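Residue numbers (the working numbering), protein chains in the order written: chain A, 2 to 261; chain B, 1126 to 1446. One structure is given below, encoded as structure tokens.
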Amino acid sequence: MSLLEVKNLTKRFGGLVAVDGVSLEIHEGEILGLIGPNGSGKSTLINTLTGVYPSDGGQVAFRGGGITNLPPHRVTAKGIARTFQGGKSFSNLSLLENVVRGRHCRTEAHIFGAVFGTAAARLELEETYRKAEELLDVIGLREKASVPVSALPFGHQSLAGIATALATEPTLLMLDEPIAGMNPQETVEMMAFIQKVRDMGITILLVEHNMKVIMGICERIVVLNYGAKIAEGTPEAISANEDVIQAYLGRSYVAKPAQG
Amino acid sequence: MMAKNQRLATYITCAVVAIVLPLVLSPLKAGNFYLHILIIISLFTMMASGLNLLLGFTGQASIGHGAFYGIGAYTSALLVMDANFPFWLAFLAGGCAAGAAGALIGYPALRLKGISFAIVTFAVGELVRLIFVNWKNLTRGQDGVTDIPGATFLGIDFTAKLPMTYLALLFALLSLVLVDRIVNARVGKAFISIREDEDLAAATGVNVMGYKVLSFTISTFLAGLAGSLYAHYMRFINPADFTVMQSMQLIAMVVIGGLGTVMGPVVGAVVLLFLPELLRPIKDYYYLIFGLILILVMIFAPAGVMGGVKSLTTRYSKERA
């Protein structure tokens, strides 16, 4: 079942075509890898899909409904969450407060509830904190709840960003280089964690440069180069694809079979 | 930002101080003067609280808030004098007029970020002042509005110093409570998210533009209410009361008192309104010292007074942001 359908999406910055008529589909329940050299348009694609940048052409449909050019906060409300490169978080706030922020789109108390301290607003806030604490258990960092995220090791900062995204109750989660900067141990843990998230019922788009991770957990891979899609297929097919080897992988790489 | 018990204790302490202080000061030889300072501190606390919500919690710098103070003052005074409004209605109308102006101006202006937005607010401040000066038929121009009736409500006459002091203190406290409630609720957390990282805030579902405008509107509403109280207290207002000087004083109060802390505005107002009194012997150098303090605070203690107090008294406790 096609969860996200992207047709001919284009994004230009002046004369530079950052995303060049990209079409792809993300199927429900899969982990789709998105790879390509630096500057190939991976992050720009995510930003355009989630409304951070207005598109210059093409359509995006999510669960059958058009979402082209919706602003980011509406895209999140629809069920698409994303993380940012570099483990971006509200770094001055505590880990718990970060994850609490993710609940914003699933709650509704507004100024009246705040000013007059209505029961509904209070109860909603209590539930927000409860759900945030549950997510801290999912990432295994409950004991670090009051630590400012900037004081956490980089791997945990990345997890914090993912937990915040998970708090928005997404159907589709786009991870932008969650593993950059991690050591081998952290990498293996993150791979298992991403699969755990998928097993929770969330479809995943994974942008990564770490081929061990991509080939290890993605069922399908899309390859971008200079903003255009140059290949799409299983890890085996991609690692044997001449264009992909030329543009990005090099000859020394051999695909590992996808892990169960 | 504080545990429930701490908040309750702070509310009670403030209430007690607010009730007792005027009674202590009033019988003193310079009693009337002290009460006057207390009233002005209260009015600026209202405005600085609102500005703190915008600047300290939402991260948007407005250097034109004096304009909204003026809109509240003129609206209230003129409604009472020219349209026979009762004080309490004119007071609310003053707040709403300033709030509406804030929403109207904020909607386009907040599309700009950082310094560009600040410059626009400065221009708006000047523009509004010029309207006060030039729309003579309405505002009496440079001459200002004189003989404004004092505040009366439910038969109580607030023209006398002591009742007026209590009225001003009441609204100062209410402003602090308002900001405190907002920042500890979902709305306030959205404001803080915007201050910390707008893109990330949007990704969590925050309508950044909408919340920025809301923050701006609340801050201008409070300034308008303060303006109304000012008009019916001083009973004389003119365009010179609502200039960039007031705007800058407000910014200084918010920064020195502690950006993003609820009590910061009070501390800032007290510091900045007592300073001229302490410096009276060298009052020619007042603005120089004022500016110097602001610069030193920004460089060496950007968290302000309350920020320093907070970091001294909190560690990784169950603090909520």
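Beta carbons are placed, not taken as given, at the ideal position from N, Cα and C, and that holds for glycine. None of the values given here were measured: they were computed from a predicted structure.
* Members of the stretch 100-113 of chain A near chain B, C-beta cut-off 7 Å -> Answer in chain order: 101, 102, 103, 105, 106, 108, 110, 111 and 112.
* Asked: Do the stretch 1152-1162 of chain B and the stretch 1188-1202 of chain B touch if we need at least three Cβ pairs shorter than 8 Å?
  -> Taking 8 Å as the limit for Cβ pairs, the verdict is that the stretch 1188-1202 of chain B does not touch the stretch 1152-1162 of chain B.
* Is the shortest distance between the beta-carbon of residue 73(A) and the beta-carbons of chain B less than 8 Å? -> If you number the first sequence from 1, residue 73(A) lands on position 72. Contact of residue 73(A) with chain B is assigned, a C-beta pair being separated by under 8 Å.
* Asked: Among the residues of its own chain, which have a CB less than 7 Å from the CB of residue 1447(B), if the five just before and after it don't count?
  -> The structure shown does not extend to residue 1447(B), since chain B spans only 1126 to 1446, so no value can be given for it.
* Cβ pair residue 40(A), residue 207(A) closer than 8 Å -> Indexing the first sequence from 1 puts residue 40(A) at position 39. Indexing the first sequence from 1 puts residue 207(A) at position 206. Contact: no.
* Does DSSP put residue 229(A) in a helix, in a strand, or in coil? -> Locating residue 229(A) in the first sequence gives position 228, where the first residue counts as 1. The answer is strand: DSSP assigns residue 229(A) an E or B state.
* Can you grab the Cα-Cα spacing for the pair residue 20(A) / residue 46(A), in whole Å? => Start at 1 with the first residue of the first sequence, and residue 20(A) comes out as number 19. Start at 1 with the first residue of the first sequence, and residue 46(A) comes out as number 45. C-alpha separation (whole angstroms): 6 Å.
* With a CB to CB cut of under 7 Å and the five nearest residues on each side skipped, what residues in its chain are close to residue 27(A)? -> Taking the first sequence and counting its residues from 1, one reaches residue 27(A) at position 26. The beta carbon of residue 27(A) is closer than 7 Å to those of 4, 5, 33, 173, 204 and 206 in its chain, skipping five residues each way along the sequence.
* Under 8 Å between the Cβ atoms of residue 137(A) and residue 143(A)? -> Position 136 of the first sequence holds residue 137(A). Position 142 of the first sequence holds residue 143(A). The Cβ-Cβ distance between residue 137(A) and residue 143(A) falls below 8 Å.
* Asked: Beta carbon of residue 1342(B), beta carbon of residue 1227(B): below 8 Å?
  -> Sequence index remark: in the second sequence, residue 1342(B) carries index 217 (1-based). Sequence index remark: in the second sequence, residue 1227(B) carries index 102 (1-based). For residue 1342(B) and residue 1227(B), yes; Cβs fall inside 8 Å.
* Going along chain A, which residues have a C-beta under 9 Å from residue 1307(B)? -> As a position in the second sequence, residue 1307(B) is number 182, starting the count at 1. Those are 112, 115 and 116, listed as they occur along chain A.
* Would you say residue 89(A) reaches chain B, if we count a Cβ-Cβ gap shorter than 8 Å as a contact? -> For the purposes of this step, residue 89(A) is taken as the residue at position 88 of the first sequence. For residue 89(A), the answer is yes, since a Cβ of chain B falls inside 8 Å of its Cβ.
* Kindly identify the DSSP beta-bridge partner or partners of residue 28(A). => Indexing the first sequence from 1 puts residue 28(A) at position 27. Residue pairing by DSSP places residue 28(A) opposite 3(A) in a beta bridge.
* Which residues does DSSP pair with residue 1074(B) in a beta bridge? -> For residue 1074(B) there is no data in the structure shown, the boundaries of chain B being 1126 and 1446.
* Applying a beta-carbon distance threshold of less than 7 Å, which residues of chain B neighbour residue 53(A)? -> In the first sequence, residue 53(A) corresponds to position 52, counting from 1. Ordered by position in chain B, the residues that pass the 7 Å Cβ test against residue 53(A) are 1324.
* Neighbour flag for residue 1178(B) against chain A, beta carbons, 8 Å -> The residue you call residue 1178(B) lines up with position 53 of the second sequence. Taking Cβ atoms only, chain A never reaches closer than 8 Å to residue 1178(B), which makes this a no.
* To do: Note the first and the last residue of the continuous alpha helix (DSSP H) segment covering residue 1354(B).
  => What you label residue 1354(B) is simply residue 229 of the second sequence in a count that begins at 1. For residue 1354(B), the enclosing alpha helix (DSSP H) starts and ends at 1333-1359.
* Is residue 67(A) helix, strand or coil when you go by DSSP? -> Indexing the first sequence from 1 puts residue 67(A) at position 66. When secondary structure is reduced to three states using DSSP, residue 67(A) falls in the strand class.
* Mind reading off the beta-carbon distance from residue 1321(B) to residue 194(A)? Whole number of angstroms is fine, and I expect it under 8 Å. => Working through the second sequence from its first residue, we reach residue 1321(B) at position 196. Working through the first sequence from its first residue, we reach residue 194(A) at position 193. The pair is not a contact, with the Cβ atoms about 25 Å apart (cut-off 8 Å).
* Asked: Do residue 120(A) and residue 1311(B) come within 8 Å of each other at the CB atom, strictly closer than that value?
  -> The count along the second sequence starts at 1 and reaches residue 1311(B) at position 186. The count along the first sequence starts at 1 and reaches residue 120(A) at position 119. No, the Cβ-Cβ distance between residue 1311(B) and residue 120(A) is not below 8 Å.
* **Three-state secondary structure assigned by DSSP to residue 11(A)** => As a position in the first sequence, residue 11(A) is number 10, starting the count at 1. Look at residue 11(A) here: in three-state DSSP terms it is strand.
* Taking only beta-carbon positions, decide if residue 1311(B) is within less than 8 Å of chain A. => To locate residue 1311(B), count along the second sequence from 1; it is residue 186. So, interface residue.
* To do: Could you tell me whether any Cβ in chain A is nearer than 8 Å to the Cβ of residue 1396(B)?
  => Sequence index remark: in the second sequence, residue 1396(B) carries index 271 (1-based). Between residue 1396(B) and chain A, the shortest Cβ-Cβ separation is not below 8 Å.
* What's the C-alpha gap between residue 123(A) and residue 108(A)? -> Within the first sequence, residue 123(A) is the residue found at index 122, counting from 1. Within the first sequence, residue 108(A) is the residue found at index 107, counting from 1. For the pair residue 123(A) and residue 108(A), the Cα-to-Cα distance works out to about 12 Å.
* Quick one, which of 10(A), 95(A) and 226(A) has its alpha-carbon nearest residue 56(A)'s? -> The residue given as residue 56(A) occupies position 55 in the first sequence. Residue 56(A) has its Cα closest to that of 10(A), out of 10(A), 95(A) and 226(A).
* Could you check where the beta strand (DSSP E) with residue 45(A) kicks off and where it finishes? -> One-based indexing of the first sequence puts residue 45(A) at position 44. First-last for residue 45(A): 43-50, but that is the alpha helix (DSSP H), not the beta strand (DSSP E).
* **Meets three-Cβ-pair contact criterion under 8 Å: the stretch 1191-1199 of chain B and the stretch 1341-1361 of chain B** => Short answer: they touch.
* Taking Cβ positions only, does residue 1126(B) come closer than 8 Å to chain A? -> Position 1 of the second sequence, counted from the first residue, corresponds to residue 1126(B). Since pLDDT at residue 1126(B) reaches only 42, below the 50 mark, its modelled position is unreliable, and no value is offered.
* Asked: In three-state DSSP terms, what is residue 1277(B)?
  -> Here residue 1277(B) corresponds to residue number 152 of the second sequence, with the count starting at 1. In the displayed model, residue 1277(B) falls within a strand according to three-state DSSP.
* Asked: Going along the chain, which residues of its own chain have a beta-carbon closer than 6 Å to the beta-carbon of residue 1126(B), five neighbours each way excluded?
  -> Against the second sequence, residue 1126(B) aligns to sequence position 1. Bear in mind that the predicted position of residue 1126(B) carries a pLDDT of just 42, short of 50, making it too unreliable to give a figure here.
* Contact check, residue 177(A) vs residue 84(A) under 8 Å by CB: the rounded distance? -> On the first sequence, residue 177(A) is found 176 positions in, with the first residue counted as 1. On the first sequence, residue 84(A) is found 83 positions in, with the first residue counted as 1. Indeed, because the Cβ distance is near 6 Å, the residues count as touching under 8 Å.
* To do: Please list, in chain order, all residues of the same chain as residue 1441(B) whose beta carbon is under 7 Å from its beta carbon, the five residues on each side excluded.
  => Here residue 1441(B) refers to the residue found at position 316 of the second sequence. A caution first: residue 1441(B) carries a pLDDT of 44, below 50, which makes its placement in the model too unreliable to give a value.
* For residue 1241(B), count neighbouring C-beta atoms within 10 Å of its own C-beta (all shown protein chains included) and say buried if the count is 16 or more, exposed if not. => Taking the second sequence and counting its residues from 1, one reaches residue 1241(B) at position 116. Result: exposed.
* **Near-chain B residues of the stretch 150-182 of chain A (beta-carbon distance less than 7 Å), N- to C-terminal order** => Listed by position along the chain: 165 and 169.
* Asked: Should residue 1138(B) be labelled buried (16 or more other beta-carbon atoms within 10 Å of its own) or exposed?
  -> Within the second sequence, numbered from 1, the residue matching residue 1138(B) stands at position 13. Label assigned to residue 1138(B): exposed.
* Under 7 Å from the C-beta of residue 1332(B): neighbouring residues of chain A -> Taking the second sequence and counting its residues from 1, one reaches residue 1332(B) at position 207. Correct list: 74.
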